[in-house]
Amino acid sequence: MQFTSTLLLAATALATLSTANTVHFVNQDSTSRTIYFSPTAGNAYIAALSVSGQATESTTFPDSWIGNWYSVSSGAENVTGMLGEVRWNGYGGSNYFDVSAIVNPNDNEGVKEIFPKFSNTPVSGCQTFPCSNAYNQPDDIATLSTQDSELICLLGNTGSARRHARDFAEKN
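If you use mature numbering (1 follows the signal peptide of the UniProt record, and there is no 0), the sequence shown corresponds to residues -22 to -1, 1 to 150, in order.
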């Protein structure tokens, strides 16, 4: 009986891990950055995350977490920049996300794009702001949704070519 209980507990834990809500932060240039998370009221605090230049780091979010994040380049003042926003396990079980330029449209070094890890579409945001694929005004309709539980958030400026999900999908 104890073996069966242990087996069920292990299977439940594995199932939870396989559906974890995760964002993979992909730094496209050599500048190190710190990601700061801001949960909406009642949601869990998430500690800041450091991402070295040309590196990828991941954060797992609690179920139904709602909030946003922004990045600060190494040596820069901690000022809210371009926002990545997410609502995990929302209406119909979908995950909702967008890039918002409303708070600081002058941030050209922080959050660039967000998209599902395995499908690469839909994409919110762009490499050069302003663009029509992000929230630019409070009444814009720019929130996207996916059933995928893993998202990619591109940070920083590209060199000669944009990094694609295929470059790191199997690595993380």
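No residue lacks a Cβ here, since even glycine has one placed at the ideal position from N, Cα and C. Bear in mind the structure is a predicted one, so any value in this text is a computation, not a measurement.
Exercise. Can F107 and T99 be called in contact, C-beta distance under 9 Å?
Worked result: No, these two residues do not count as a Cβ contact at 9 Å.
Exercise. Between T12 and A26, is the Cβ-Cβ spacing less than 9 Å?
Worked result: Result yes, Cβ atoms of T12 and A26 sit closer than 9 Å.
For this session: Have a look at E35 and L129 and give me their C-alpha separation to the nearest angstrom.
Result: 12 Å
For this session: Give the secondary structure of residue 151 by DSSP, where H, G and I count as helix, E and B as strand, and everything else as coil.
Result: There is simply no residue 151 to check, as the chain begins at -22 and stops at 150 in what is shown.
Problem set entry | C-alpha distance - Y48 paired with M60, whole-angstrom precision | Looking at the two C-alpha atoms, the distance is approximately 6 Å.
Exercise. How is the beta strand (DSSP E) around C109 delimited, first residue to last?
Worked result: Taken as a continuous stretch (DSSP letters only), C109 belongs to no beta strand (DSSP E), as it is neither H nor E.
Exercise. Taking C-beta to C-beta, are A127 and A(-3) nearer than 9 Å?
Worked result: Correcting the residue identity first, residue 127 is Ser in this sequence and not Ala. Yes, these two residues count as a Cβ contact at 9 Å.
Exercise. Thinking C-alpha only, which one of Y69, N84, A33 and N67 is nearest V57?
Worked result: Among Y69, N84, A33 and N67, the Cα nearest to that of V57 is on N84.
Exercise. By a C-beta neighbour count over all protein chains shown, 10 Å radius and 16 as the cutoff for buried, is Y69 buried or exposed?
Worked result: exposed
Problem set entry | Nearest candidate by alpha-carbon position, reference D7, set P40, Y14 and S51 | The residue with the shortest Cα to Cα distance from D7 is S51.
Exercise. What do you reckon, are the CB atoms on residue 151 and T124 nearer than 9 Å?
Worked result: Residue 151 lies beyond the range of the chain shown here (-22 to 150); nothing can be said about it.
Problem set entry | Contacts around S97, its chain only, beta-carbon distance under 8 Å, and the 5 residues preceding and following it disregarded | In its chain, beyond the 5 residues on either side, T124 and D126 have a beta carbon closer than 8 Å to the beta carbon of S97.
Exercise. By a C-beta neighbour count over all protein chains shown, 10 Å radius and 16 as the cutoff for buried, is G134 buried or exposed?
Worked result: Classification of G134: buried, given that the 10 Å Cβ count is 16 or more.
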